Structure formats: C-alpha cells, structure tokens
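Mind the numbering: the sequence shown is residues 3 to 388 in this note's numbering, read in order.
We treat Cβ as the ideally placed atom computed from N, Cα and C, and that holds for glycine.
From a predicted model like this one, the values you see are computed outputs, not experimental measurements.
Inspection log for the structure reproduced underneath, given as structure tokens.
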Amino acid sequence: MREITEQERLEALSNAIAIIKRNLPDYTYSCQDTNTVDGIYRKIENIEWTTGFWPGELWLGYIASGDEVLRHAAGIFVESFRERIEKHIAVDHHDMGFLYNPSCVAAWQLTGNAHAREAALLATDNLISRFQEKGEFLQAWGAMGADDNYRYIIDCLLNLPLLYWASDETGNPIYREIAIKHTRTCVANSFRSDYSCFHTFFMDKETGKPVRGETCQGYKADSSWARGQAWAIYGLALAYKHTGEKSYLDLFEHVSEYFMNKLPQDMIPYWDLIFTSGDEPRDSSSASIVACGFLEASELYDKLGEYDKALKYRKLAKTLMKAIYDSCMVRKDESGINGLVKHGTYSKKSPYNTCTPAGVDECVSWGDYYWMEALIRLGGSWKSWW
Ligand code: GLY
C-alpha cells in the first residue's frame with residue numbers, strides 16, 4: 003500500500019480547514035451532533051459525549067493556519083463547557099476526556115484561558131467520582147453501582163489523559179493514581195489471548211473480581227468492535243506515555259498487529275473486525291484513531307532509541323492515512339455533505355448487541371477530529387493535549 007505524501011497531507015489539511023470555515027456560521031453558538039444524517043450534522047446543545055471534537059478541530063485548524071477566526075471560534079466554546087460541568091448537564095458518564103481535552107485543555111494550553119483550566123479540573127473531579135474501589139475501575143455509564151452497569155469500557159483509555167493532566171496541573175497525585183489503577187484493571191481483563199479486545203467488561207460488585215466481557219456497539223461479545231480495538235491502540239500508547247510502563251507498549255504492538263491483520267485490501271476497517279470482506283459498513287474513524295496512535299507510538303519509540311519501530315509505525319500511519327485520503331476524505335467542492343471524512347459508523351445494530359442504531363456510513367464527529375489530528379501530528383512538533 004502507498005503512503006500519504008507531504009503534498010497530499012497539506013492538501014488534505016487545507017481542504018479540511020476550508021470545510022470547517024464554511025461550517026462556522028452553523029457551529030459557533032451551537033454544537034455539532036455525533037454524526038451526520040444524510041451527510042449533514044445537525045446543530046445541537048452541548049449535551050453529547052462528542053461535542054469536544056468540533057472545538058478540537060477548530061484548535062487544530064488554528065494551529066495549522068494561524069487563522070485568528072478559528073482561534074476566536076474555538077475560544078467561544080469554553081464558556082459552554084464551563085457551564086455544562088458547573089451545572090452538571092449530561093455529565094453522568096465517564097467521557098470527560100473526550101469532552102474536555104480537545105476543548106478546554108487545548109484552550110488552556112494554547113491561550114492560557116483560566117476558565118478553560120477551571121472547567122477541565124471540574125470535569126476531572128466528575129470523572130474520578132465514577133471510580134469504583136471494588137474492582138478498581140471508572141464506571142462508564144449509568145447510575146453508580148447499578149447491577150447492569152458495573153463495568154468499564156475500552157474507550158475509557160482515552161479519558162485517562164485528563165487525569166494525568168490534572169495531577170500535573172494541581173500537584174495532587176490522586177488523579178494519576180486512579181488512572182493507573184483503571185489502566186491495570188483494563189489491561190488485566192479486556193484483552194483476549196489473540197489480542198483482540200472486549201468492548202465492555204463487567205466486574206463483580208461484591209468481590210471486585212472480573213466477571214465477563216460484553217459488547218454494546220460491536221457485532222457480538224466475542225468479536226472485536228473496530229473502534230474498540232482502535233481506542234485500545236491509541237489508549238495503550240498514551241498509557242505508556244504517561245506511566246513509562248513498558249509492558250503497555252508491548253501490548254500496544256500485539257493489539258495493533260491484530261487490527262492491521264483484519265483490514266480489507268483498501269485498508270478501511272469494517273465496523274467490526276469480524277468482517278473482512280463483503281458489504282458491511284466501514285468505520286473510517288477507527289483508521290484515523292489508529293493513525294494517531296501509531297504516530298504517538300512512533301514518537302515514543304524515537305525517544306526510546308528504537309528507531310526501526312519508530313519508522314515502522316510512522317509508515318503504517320501514513321498508509322492508513324493514504325487509504326482515508328483516497329476512499330473517504332470529503333473534497334471541499336463536494337455538495338450535500340458537511341463533514342470531513344465519509345464512511346464512519348457510530349452504532350450499528352446486530353442480532354447480538356445492545357446499541358441504539360445511529361450514524362451508519364456517515365461522517366462522525368470524532369472521525370473528522372482524529373483525521374485532522376493525524377494530519378497535524380504527521381507534520382511534526384504538535385504539543386498533544388492528550
Ligand atoms: N466512545 C463511544 C464510541 O466510540 O462510539
């Protein structure tokens with residue numbers, strides 16, 4: 003497979019920025035929905051787990067272009083995110099990192115906005131309030147301690163950087179300690195012997211012992227939901243970055259190999275890796291997430307002096323990005339679509355899963371965001387907010 007060239011990367015970035023700027027009138031005082039419907043994102047209030055991604059795209063666009071319009075628009079969202087956490091609006095779940103890293107940690111990092119820092123710290127306290135001592139994990143969804151929700155999900159690895167950030171920011175080690183405990187629980191239970199992973203994992207409420215893996219958005223309990231595997235890949239690279247625990251990077255390699263071995267010829271994953279050919283929908287967002295994980299890992303291997311591996315993951319990232327560029331990237335002159343990347347899948351119903359169907363073969367907000375993050379990462383010298 004071919005790799006994305008520097009010329010294609012620059013073209014993709016300027017294409018993305020043009021689409022984002024065209025969308026600004028719609029999503030400056032409104033948020034973007036989780037996914038497009040027939041190609042168009044609805045405008046929504048700040049209530050979804052995904053609303054941090056659009057401001058994240060604005061910050062990335064600002065970094066790439068220096069355009070003050072994008073910086074200004076991104077900054078406007080800080081007050082909305084502050085209000086959301088202060089008034090506890092739709093925050094009874096674990097997705098504080100997805101919400102607050104690309105919106106408020108980014109704003110604090112790039113502009114020193116003190117409200118953004120305050121909001122992100124409040125979100126961090128909300129996240130650790132979901133820590134279950136019995137089993138040592140952050141409960142993903144639902145009322146705390148509810149029998150049908152005494153579980154964590156693989157996606158949570160991407161919420162943990164908020165905790166490391168908060169410990170660095172405040173000097174209080176509690177956040178980091180909880181992140182480390184959750185990671186240990188996750189690594190001990192979520193991976194099968196072939197290095198595929200469970201989407202969700204139940205723990206025993208009385209003993210804290212592992213009970214069983216299940217799925218919500220994957221095809222079935224013992225298949226590998228493509229995005230779950232992608233969250234695991236990027237999440238393990240980040241776990242190593244923040245802890246220095248080498249076994250996480252070793253696990254990252256195996257989990258990545260499983261993912262790459264399940265890709266069809268055009269390298270855009272099916273929504274569940276149980277499918278390797280045929281007409282099932284794809285999830286392009288998984289490819290972008292994995293590209294970001296590979297570029298993160300490449301930097302980490304560079305620092306370790308493992309240059310062969312650094313090169314290997316950089317090349318794999320560029321290969322995935324070329325596939326997205328060729329098959330999924332929305333061109334700025336396309337009409338009837340206002341996202342950046344086609345062929346994402348949010349939640350596809352199967353006979354065995356429990357999800358509410360949404361956004362099948364559409365643009366998804368995080369798919370657009372991680373595509374941009376990958377483009378910026380590949381350009382070098384990005385100061386990550388994860
Ligand atoms: N974190 C939920 C999802 O990836 O759909």
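Hey, residue i and residue j are a contact pair by Cβ (cut 8 Å); roughly how many whole angstroms apart?
{"i": "Asn-115", "j": "Ala-109", "result": "5 Å"}
{"i": "Gln-219", "j": "Asn-355", "result": "6 Å"}
{"i": "Thr-347", "j": "Asp-363", "result": "6 Å"}
{"i": "Tyr-242", "j": "Ile-291", "result": "Tyr-242 to Ile-291, Cβ: 16 Å. No contact."}
{"i": "Ala-293", "j": "Ala-319", "result": "4 Å"}
{"i": "Gly-230", "j": "Pro-163", "result": "Between Pro-163 and Gly-230 the Cβ distance is about 18 Å, and since that is not below 8 Å, they are no contact."}
{"i": "Gly-58", "j": "Pro-104", "result": "3 Å"}
{"i": "Ile-130", "j": "Ile-182", "result": "Going by Cβ atoms, the distance from Ile-130 to Ile-182 rounds to 12 Å, so no, they are not a contact pair."}
Sort the options by Cα distance to residue i and report the nearest one.
{"i": "Thr-321", "options": "Gln-267, His-345 and Ile-339", "result": "Gln-267"}
{"i": "Leu-160", "options": "Ser-349, Ser-287, Ala-232 and Ser-226", "result": "Ala-232"}
{"i": "Thr-172", "options": "Pro-353, Cys-33 and Thr-126", "result": "Thr-126"}
{"i": "Phe-133", "options": "His-117, Leu-124 and Tyr-154", "result": "Tyr-154"}
{"i": "Cys-106", "options": "Ile-91, Gly-280, Glu-308 and Leu-124", "result": "Leu-124"}
{"i": "Phe-79", "options": "Glu-216, Asn-48 and Glu-70", "result": "Asn-48"}
{"i": "Ala-239", "options": "His-184, Leu-26, Phe-296 and Leu-342", "result": "Phe-296"}
{"i": "Tyr-102", "options": "Thr-53, Asp-149, Gly-63 and Ala-20", "result": "Thr-53"}
{"i": "Ser-286", "options": "Met-205, Asp-304, Leu-302 and Tyr-327", "result": "Tyr-327"}
{"i": "Lys-264", "options": "Leu-251, Thr-278, Asp-252 and Glu-255", "result": "Thr-278"}
{"i": "Lys-344", "options": "Pro-353, Met-146, Asp-310 and Pro-271", "result": "Pro-271"}
{"i": "Ser-82", "options": "Leu-129, Thr-38, Tyr-31 and Trp-61", "result": "Tyr-31"}
{"i": "Cys-251", "options": "Glu-138, Ile-130, Asp-304 and Phe-203", "result": "Inspection of the sequence shows that residue 251 is occupied by Leu rather than by Cys. The residue with the shortest Cα to Cα distance from Leu-251 is Asp-304."}
{"i": "Leu-86", "options": "His-117, Trp-61 and Arg-73", "result": "Note on identity: in this sequence residue 86 is Arg, with Leu being the wrong assignment. Answer by Cα proximity: His-117."}
{"i": "Leu-377", "options": "Leu-275, Arg-316 and Glu-255", "result": "Arg-316"}
CB of residue i to nearest heavy atom of ligand 2: below 7 Å?
{"i": "Leu-322", "result": "This structure simply doesn't include ligand 2; it includes ligand 1 instead."}
Of all the CB atoms in chain B, is at least one closer than 8 Å to the CB of residue i?
{"i": "Cys-158", "result": "Checking the listed chains, one finds no chain B in this structure; it contains a single protein chain."}
Continuous alpha helix (DSSP H) assignments of at least 4 residues falling wholly in the region 226-298: 228-245 and 248-263
Give the residues whose C-beta lies closer than 7 Å to at least one heavy atom of ligand 1, in chain order. Trp-51, Asp-97, Phe-100, Asp-157, Gln-219, Arg-229, Trp-233, Tyr-348, Ser-349 and Trp-368
Within the region 185-215, ranges of the beta strand (DSSP E) (whole runs, at least 3 residues): 202-205
So within the region 7-41, which uninterrupted beta strand (DSSP E) runs reach at least 3 residues, ignoring any that extend past its ends? 33-39
Quick check for students: name the residue ranges of the alpha helix (DSSP H) that lie wholly in the region 99-160, counting only runs of 4 or more. 108-113 and 116-130
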